[in-house]
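So in our numbering, spot 171 of the first sequence is number 193, and the numbers just go up one at a time.
Read the structure below first, then the notes.
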Amino acid sequence: VDLYNAVIKAHIHNSQPSQAFAVFLQMQYCGVLPDNLTYPYLLKACSDESRLNYLRMIHTHIEKNGFNSDIIVCNSLIDAYSKCGNIGICSAKQLFWVMGQRDVVSWNSMISGLLKAGDSVEARKLFDKMPERDRVSWNTILDGYVKAREMNVAFELFEKMPSRDVVSWSTMISGYCKAGDMEMARMLFDKMPSKNVVSWTIIITGYAEKGLVKEAIGLYTQLEEANLSLDAGTFVSVLAACAESGMLGLGKRVHRTIKRSTFSRNTLVCNALIDMYAKCGSLTKAFIVFKKTRKKDLVSWNSMIHGFAVHGHGRRALDLFSKMKCQGFVPDKVTILGILSACSHAGFIDEGISIFNALQRDYGVSPEVQHYGCLIDLLGRGGRLKEAFALALSMPVEPN
RNA sequence: ACCAAAUUUUUAGAUUUA
């Protein structure tokens, strides 16, 4: 069972949940009984509405094998359910109130789940009601206010909470960045007693999103000198901000850092690079990174297709579209948007229409307002104004 | 010094969207 657990854990760690489930099935097939460590690992992979059925299956297993009295297994269940949308949150509540004993993690998980579901009133009630609070409890409720854009309430809480750790400070800084108050964010950043890679990422991303080049580059330089070990999140986050504000200079610097590290093989990081170069108008570089990305995922293809599309390279976008299908990737609604946009910008009117007409049949994608908008744009650009207008009036979705 | 071992659940940053 230890070996199976180790393999399951490794798959989860490498974001390969399907393989983790496969191992789980295999261990049952071989007659090895899961233990109290197996379930929390698996449940980590179910924290997504699309896996609600897996979650229910594992839950049933847990009940059947009598692990529902294990408080850690139970807490894992609450956490997983509470991240599965509005249906999940009901099951989480039920479990929470039914379980024999609750520890501080149970309360924290439930509160965090409620906040994620947007029920801050209920979350606050639980926070006030819980018998004891630890740092996670305070940080969770603090983040709730920050995410709700209630920075004044958050600040009051921040000042009166019993102790502040690097997570509390980072939460506040992130909130001020999102609110556009970079002065306050910077003041807290300078003042915080110890910084880690996340705090640096938040503040640099904040500056970069706003196009404040000097500050962003200055702090990035300091970060590199600080000798912290950077993670993929830092690169992805800063690159996304560069893409948004067109900061090619900083983007290139980050790329240089990545080249010197092992992150050049990280798909998430490569995707962020592709998008950054494409958004900054450097399609050639974007394509070079794309080709060098060894384990491409759907996002890699989507980013590159979209890059070609918005720069008017309709043919290249469509070529890439065929290629991805040949390699067994299933296009999703984002891919389709890129493709429709490519057809629109390159004047491939009929091609665009026929792709649109077969969306459901060929790709299982049901057209949303963005797709209709794109098609109307396509017709309009193609000079077929009457059809464009007729479509806008007759489409089965609410116009925006 | 080398080697080895080491994180079961909850909180902060996170790629593609007309």
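Glycine is no exception: its CB is placed at the ideal position from the N, C-alpha and C atoms.
The structure displayed is predicted, hence computed values, not measured ones.
Check                                                                                                                                    : Outcome
Inter-residue spacing [alpha-carbon to alpha-carbon] between residue 208 and residue 74                                                  : 41 angstroms
Assigned secondary structure, residue 157 (DSSP; H/G/I helix, E/B strand, else coil)                                                     : helix
Where residue 315 falls: helix, strand or coil (DSSP)                                                                                    : coil
Three CB pairs or more closer than 8 angstroms across the stretch 399-413 and the stretch 383-391                                        : no
4 or more residues per run - each alpha helix (DSSP H) lying fully within the stretch 131-178                                            : 142-151 and 157-169
Bounding residues of the alpha helix (DSSP H) (the contiguous stretch that carries residue 217)                                          : Premise fails: residue 217 is in no alpha helix (DSSP H) and is neither H nor E.
Residue from 369, 54 and 322 with nearest C-alpha to residue 311                                                                         : 322
Minimum length 4: unbroken alpha helix (DSSP H) runs contained in the stretch 283-312                                                    : 289-301
N-terminal and C-terminal residue of the alpha helix (DSSP H) that residue 408 is part of                                                : 407-416
N-terminal and C-terminal residue of the alpha helix (DSSP H) that residue 367 is part of                                                : 355-368
Inter-residue Cα distance where the pair is residue 354 and residue 387                                                                  : 7 angstroms
Three-state secondary structure assigned by DSSP to residue 390                                                                          : coil
Chain-order list of residues whose beta-carbon lies under 7 angstroms from that of residue 66 (same chain, five-residue window excluded) : 34
Proximity to residue 155 [Cα-Cα], best of 301, 128, 195 and 47                                                                           : 128
Same chain only: Cβ atoms within 6 angstroms of residue 242, ignoring 5 sequence neighbours per side                                     : 226
Beta-carbon proximity list for residue 41, same chain, < 6 angstroms, skipping 5 on both sides                                           : 33
At least three beta-carbon pairs within less than 8 angstroms, the stretch 143-152 to the stretch 177-184                                : no
Within 8 angstroms, strictly: CB atoms of residue 219 and residue 252                                                                    : yes
Bounding residues of the alpha helix (DSSP H) (the contiguous stretch that carries residue 341)                                          : 336-348
Environment of residue 348 [buried if 16+ CB atoms lie within 10 Å]                                                                      : exposed
Cβ neighbour criterion (16 or more within 10 Å) applied to residue 372                                                                   : exposed
For residue 378, three-class secondary structure by DSSP                                                                                 : helix
Host alpha helix (DSSP H) of residue 122 (start-end)                                                                                     : Segment: none, residue 122 is in no alpha helix (DSSP H) and carries neither H nor E.
Residue 234 versus residue 38 - alpha carbon distance                                                                                    : 37 angstroms
Rounded separation between residue 214 and residue 187 - CA only                                                                         : 9 angstroms
Every unbroken alpha helix (DSSP H) inside the stretch 31-78 [4 residues or more]                                                        : 39-51 and 60-66
Status (buried if at least 16 other CB within 10 Å, exposed otherwise) for residue 109                                                   : exposed
Top-ranked residue by Cα proximity to residue 330, from 362, 193 and 318                                                                 : 362
Alpha-carbon spacing of residue 118 relative to residue 358, whole angstroms                                                             : 41 angstroms
Nonlocal neighbours in the same chain, by C-beta distance under 7 angstroms from residue 62, ignoring five residues either side          : 94, 95 and 98
Residue burial classification, residue 52 (beta-carbon count within 10 angstroms, cutoff 16)                                             : exposed
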